[in-house]
Structures are given as structure tokens and as C-alpha cells.
Amino acid sequence: MPGRRLSPLRRVIHTALVLLALAWSLFPLYWMAVTAFKRNLDIFSFELQLLPTTPTFENFANLFDSDVPVRTYFINSVITALGTCLVTIFVSVLAGYAFSRLRFRGQRPLEMSMLVGQMFPLLVLIIPLYLIYLRAGLLNTNAGLILAFCSIAVPVGVWFMKNFIDSVPRELDEAARIDGCGDLGIIRHILLPLIGPGIVAVGVFAFLEAWNNLVFPLAFSTRPDARTLPPGLLLAVDSQFRQDWGGLMAASILASIPPIVGFIAVQRWILRGLTSGALKG
Amino acid sequence: MGTSAHQLEAAPAPFRTRVPLAFTLLFPAFLLLAAVLGYPVLYSIYLSFVNAQLTRPNDQTLAGLSNYAALLDDPLFGQALAITLVITVGAVAVSFVLGLSFALLVDGLKGRLAGIRGLLLAPWVTPAIVVGFLFLYMFDQQAGVINLVLEAFGATDGRTAWLSDSTLSVVAVTVATIWTQTPFYLLMFAAALTAIPTEQRESMLIDGANRWNEFVHLTVPYLRNVMVVATLLMFIRNFNAFPIIWTMTQGGPVYSTSTLVVYVYRVAFQQFDFGYASAVGVVWLAVLLVLALAYVRFLRRTSLA
């Protein structure tokens, strides 16, 4: 293990293994990026081209003026992800406050139901939800998708928010209470400024769960103009992107940008919440 | 959490017991979850006892236990169960070993090198559907880089049809799953490694322990809880895995990569048999519930200890 003195041979082996780990983790992503800038001719040249011989932007340009309404998918993805994000933040802050600061009958089972809810098999939900949505007129709507995405994001969001509020000393709200603040006042004036990072983390998590979800829109959005990016691109694999790897990789990069930006923005909080949630319960 | 030390110093303020307020604050969250989780689950159990076809949504007749009886006679159900176990055990075992190795490799990297840890997390951040596309492309028979590399090394003739072979397709989706899940173990183990007290490590070395002894007698005991937690979580997650498999093979060729959830989807949305699909789903739900309860119980036990 590094951090203490290593013999030269061990140092070389250690460095080689680290490089190997990096290659395993990053090569597929590198290959995606390189392919997106290659001409179709080069992609099918049957030789290993680690860099595009003739770099081109045509794969990206084609993305937005093809038969596949990528623009519509993209807009639907943004709307449903933002909607899921806002709903999740709202209900998680309120429920997180109740779980963290109040004591009431049945609290333990209710908290545990949030943990169990995180492990729910989505696939089992789509069958009843499909029939419910059919009757309620929610198929092919963004509102229907937002509700479905919340079934994944809310249990995690509430749990995370409870842990986050637990980390704010209770003396602060007691002091505010003596100054005449009610519970909602405490949430607004004392907690909101302090749990800002937690709210961002929950928001980003909810956004990404919605953004990355394939199952729900695949089942609930039958009309092309109601699809989000994942099912839209997937269905295009069999038509537009058939044998068009450059186009598919360009679309993949488009779909990866929000997750990567979001993760870099909040990685500190996500990592902390993930480990403390798992280790401390 | 960071401020717990502060909490310990000050005498804790009393918690407030106010049931109506708690009810009001919890109401939005639980209303939402009742609508999109609770009710659908109950409805799903109901559906498993009726004949329900997607093509005739309003024509549902009671079927008694016949959907469940059909499970026993369905060879595809048994096959789906077996494939789920093969992919899950394979993915969890390899990700576990790789993630632990990566965590040990980057443990103690400081300064600019600490960024390596972040880079190793990249596969975890990649959306599942993109992971699927990526490996669909890399395993492609004609243009895939895996065949190109294998051919360059002379290992094969470079024409392996990974995704249309019933065994190799299972390998391909398992590799894609391992790639994207390894960082999760890395993350869990890396965090746990930082919790090992350096004094203890040093005193072991003074006593003449070699690296292997240190690993077995110090590192492993410290990581044991994390190992159990992470593995349970990964079992649950893999039992529910859908997007990577669906993107790469749609459960095919034929049914060779149809895990249980993929099978449920195919029965429901390709054969339109909602009743039977619900029965399969309910059985699976019971299995996952047992795993989830085991997970929660383990967390409670370790957090009390």
C-alpha cells in the first residue's frame, strides 16, 4: 500500500496497476468520444484508429437535423428531470424535518419504509401504473413521467434529507424557537440556509434518476413526441442509428453531459451522503 | 456526520413530540408514495389473480391461482431465474474484487494524484443507457473494438458474434455491468479504508507483520461491515437491473439474456399478458422484500453496535 516507502520494484508495479485501472475505467469513454468525431468510413475501416484520421463534427450536426426528433426528446428529458427535482426537494425537506426533529408514534416503521422503498423493483410497478395511467389519461404526458420518477427519487431524497438535517445542531432551532419562531419559520430561516448543499445534492440526484430512467418512458410514452432521450435514442438504434455508430456515440455524449456536470458539482455531498447513509443507517 | 462532535458536547435539547405537525409535514411525501408505490403494488397483487390482457384493459376476469400455477409449468421462468443469478453473482463477485483492488491501489494517493480516485468513478456516473450503447458498439461483430483487439493479438479471427450467441451475450452484458458497478465498491471501500487507525497499522508493522498479514488481520475485519452492506445493495440492484441488458440485447438472442425483470417486461409489453406478468412480478417482489429487510436489519444492528 502506498503512503509509506516502497521499494523501486514495488513502485513500478504499483504505478503499472494504477494505469491499468485507469485504462479499464476510461478507455470505453475515450472510445465513445473518439468515435463521435470519426467518419463512418473510418469506423468501418476494420483497423484500430486510436485517433480520428479525419476529425468531423458531422455526427453532432446530424443529431439535430435528422428524422429522429432528438430536440423533442431532449426538451422532454429536461422538463421531466426538472419537475422530478423540484417535487422531490419540496417533499423531502418537509419529511426530512419531521423525521429528524420530531418524535411521534410509528416513526420507526415509517422511516424504515423509506429505506425499503429505495430497493423497490421498478419493473413490477410499470404494469399496474400503466393501467392506472391509461384510465387517468397520464400516458404520454410529462406529468405522468414526473410522478413515476418520484417513486424512485423521493424515498432516497427523504432519507438523505433526514440525515442531513440530523447533522445540524438542534440548539440552533431551539434558540430560534425562544425568539418566537414556529416550525415553518425554523425550516425557512434556520435550516434552509444551512442545508443548502443537501438540497442541491438531493436535487441533482432526483434530476439524474429522471434523466437516466429508461423503463418508465419506454412503457408510458408510446407517442414519439412524448419520449425522453433514453427511449427515444434506443428506438432510433433500430432505425436512424442502425450501423451509424458515430451518430449513436454523439447522442450518447449529449445524454452524458448533464450527469457528468451534475456529479462534478455535488460529488462531495453525494459521496458523503452515500457513505454515511450506508454505514450509519 | 461532521457536526456530531459538537452535538455530543452540548446537552441535547428535548425532541418535540407533536403528532399533528409530523403528520402535516409527512403528508406530501407519503401521499405521493402511496399513489406511485403503495397503490400500484396492491393493484399488482390483484392483477396476478386475474386474466388481464393489455389489449383488453377493461376485460378482467378472476383467474384464481392459475397465473401462479402457470409459473410452475413455465420453463422460461426457471431459465430467467437462473440467468438472473448467473449475471448477478458474476457481476457482484468481479466488481467486488476489482473495487477492493482499486481502493487499495489508490489508498494514500495524495495531492494531484488524489484526482485519480475521481477519474476511476467515471463509469459509475455514465448513464446506464449510454453504458449499454457503448458496450453494444464495442461488442459489435463488425465494427467493435473488442474483436479488433482480439484479432490484433491473434486470439480469434476477429469475427466473434458476441451479442447473437446465447452464452457470449451473457458474458457481454455481465462485463458491461461490472464496468459500471466497480466504482461503487471502490467508493465504499475507499471510504472505509480511511477509517483504519494509522497507529494500529504501524504497530502491526513493528511487530513484523507483512502486507498479507496486515490485509487479513487488519484491513478485512475493518471492511467487513462495508463488504456486507455493499454486497447486499449490489444484489438488490442487479436483481432489478434493466437498462443495460435491454439496450444491448433486449433479452435476446431468444431468451438467453432475459433476466427476471426483463422477462416480466417482455411478457407484459410484448405478449400483453398483464396477469401472468404480474404473478412473476409479485414473486420477485417477495424475494426482493426479503433481501431489503435483511439489509435494513443489518444496518440497524451495526449502527447500534
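Keeping their order, the protein sequence lines are chains A and B. First residue of the first sequence: 26, per the numbering used here; consecutive thereafter. First residue of the second sequence: -13, per the numbering used here; consecutive thereafter. From the three backbone atoms N, C-alpha and C, an ideal C-beta is built for every residue, glycine too.
When you compare the CB of B/V75 with every CB in chain A, is at least one pair closer than 7 Å?
Not closer than 7 Å to any Cβ of chain A, the Cβ of B/V75 fails to qualify, so no.
Give me whichever residues DSSP pairs with B/L48 in a beta bridge.
Its beta-bridge partners are B/V36.
Name the chain A residues whose beta carbon is nearer than 8 Å to that of B/M124?
Among the residues of chain A, those whose CB is under 8 Å from the CB of B/M124 are P53 and W56, following chain order.
Contact belief for B/N53 with B/S34 at Cβ below 8 Å, rounded distance in angstroms:
For a cut-off of 8 Å, the C-beta gap from B/N53 to B/S34 is around 5 Å, short enough to register as a contact.
Which residues does DSSP pair with B/D259 in a beta bridge?
Listed as beta-bridge partners of B/D259 by DSSP are B/Q39.
Run the CB neighbour count on B/K96, radius 10 Å, all protein chains shown included, and call it buried at 16 or more, exposed below.
Counting Cβ neighbours within 10 Å, B/K96 comes out exposed, since fewer than 16 surround it.
Where A/W56 and B/A108 are concerned, what is the direct C-alpha to C-alpha distance, given to the nearest angstrom?
A/W56 and B/A108: Cα-Cα distance of roughly 14 Å.
Check distances from the C-beta atoms of the stretch 205 to 228 of chain A to those of chain B and list, in chain order, the residues that come in under 8 Å.
Under the 8 Å Cβ criterion, the stretch 205 to 228 of chain A contributes D208.
Measure from the C-beta of B/P229 to each C-beta in chain A and report whether the shortest distance is under 7 Å.
Flagged as an interface residue toward chain A: B/P229, by a C-beta distance shorter than 7 Å.
Counting only runs that start and end within the stretch 159 to 210 of chain B, where is the beta strand (DSSP E) found for 3 or more residues in a row?
You should have found no qualifying run.
Can you tell me whether DSSP reads B/A66 as helix, strand or coil?
It is helical.
Could you have a look at A/M144 and say whether DSSP puts it in helix, strand or coil?
Three-state DSSP puts A/M144 in coil, outside helix and strand.
Could you check what DSSP says for A/C206 in three-state terms: helix, strand or coil?
Note: A/C206 maps to coil in three-state DSSP.
Grab me the residues of A/I157's own chain with a C-beta within less than 8 Å of its C-beta, minus the 5 sequence neighbours each way, in chain order.
Excluding sequence positions up to five before and after A/I157, its CB lies within less than 8 Å of the CB of L163, all in the same chain and listed in chain order.
Return helix, strand or coil for A/L73, following the three-state DSSP convention.
Coil at A/L73, not helix or strand.
With 7 Å as the threshold, decide whether the Cβ of A/P33 is near any Cβ in chain B.
Chain B, which has no Cβ nearer than 7 Å to the Cβ of A/P33, makes this no.
Start-to-end residues for the alpha helix (DSSP H) that takes in A/G228:
A/G228 -> alpha helix (DSSP H) spans G221 to N237.
Interface residues of chain A around B/N37 at Cβ under 8 Å?
Per Cβ cutoff of 8 Å: no residues; B/N37 is ~14 Å from chain A at best.
Strictly under 7 Å for the Cβ-Cβ distance: is B/F88 near chain A by that measure?
Chain A contact via Cβ: present.
Does any CB atom of chain A fall closer than 7 Å to the CB of B/F139?
Chain A, which has no Cβ nearer than 7 Å to the Cβ of B/F139, makes this no.
Taking buried to mean at least 16 other C-beta atoms within 10 Å of its own C-beta, is A/L217 buried or exposed?
So A/L217 counts as exposed.
Using a Cβ-Cβ distance cut-off of 7 Å, determine whether A/F232 contacts chain E.
Protein chains in the displayed structure are A and B, and chain E is not among them.
Give a yes or no on whether the minimum CB-CB distance between A/I100 and chain B is below 7 Å.
Closer than 7 Å: no.
Tell me which residue opens and which closes the alpha helix (DSSP H) that B/P229 is part of.
Run containing B/P229: P229 to M234, per the alpha helix (DSSP H) assignment.
CB of B/T243 within 7 Å of CB of B/V116, strictly
B/T243 is not a Cβ neighbour of B/V116, given a cutoff of 7 Å.
Exposed or buried, which one is B/D193 when buried takes at least 16 other CB atoms within 10 Å?
With a threshold of 16 other beta carbon atoms within 10 Å, B/D193 falls short and is exposed.
Buried versus exposed, by CB contacts within 10 Å (16 or more), A/P134:
With fewer than 16 other Cβ atoms from the protein chains shown falling within 10 Å of its own Cβ, A/P134 counts as exposed.
Using the beta-carbon of each residue, which ones in chain A are nearer than 7 Å to B/L11?
Contact of B/L11 with chain A by beta-carbon distance below 7 Å involves L119, A120, Y122 and A123.
Select from B/P6, B/I230 and B/L51 the residue whose C-alpha is nearest the C-alpha of A/A123.
Considering only alpha carbons, the answer is B/P6.
May I ask you to report which of helix, strand or coil DSSP gives A/A41?
Three-state DSSP puts A/A41 in a helix.
Could you tell me whether the Cβ of B/W148 comes closer than 7 Å to any Cβ of chain A?
No, because no Cβ of chain A sits closer than 7 Å to the Cβ of B/W148.
Just how far apart, CA to CA, sit B/Q233 and A/D263?
The sequence given here has Thr at residue 233 of chain B, not Gln. Taking C-alpha positions only, B/T233 is separated from A/D263 by approximately 11 Å.
Throw me the rounded Cβ distance for the A/E234 and A/T109 pair, which I believe falls under 8 Å.
Your pair A/E234 and A/T109 checks out as a contact, with CB atoms roughly 7 Å apart and the cut at 8 Å.
A/R252, enclosing alpha helix (DSSP H) - first and last residue:
Looking at the DSSP string, A/R252 is not in any alpha helix (DSSP H), and its letter there is neither H nor E.
Counting C-beta neighbours from all protein chains within 10 Å, is the total for A/A275 16 or more, i.e. buried, or is it exposed?
It is buried - the Cβ of A/A275 has at least 16 other Cβ atoms within 10 Å.
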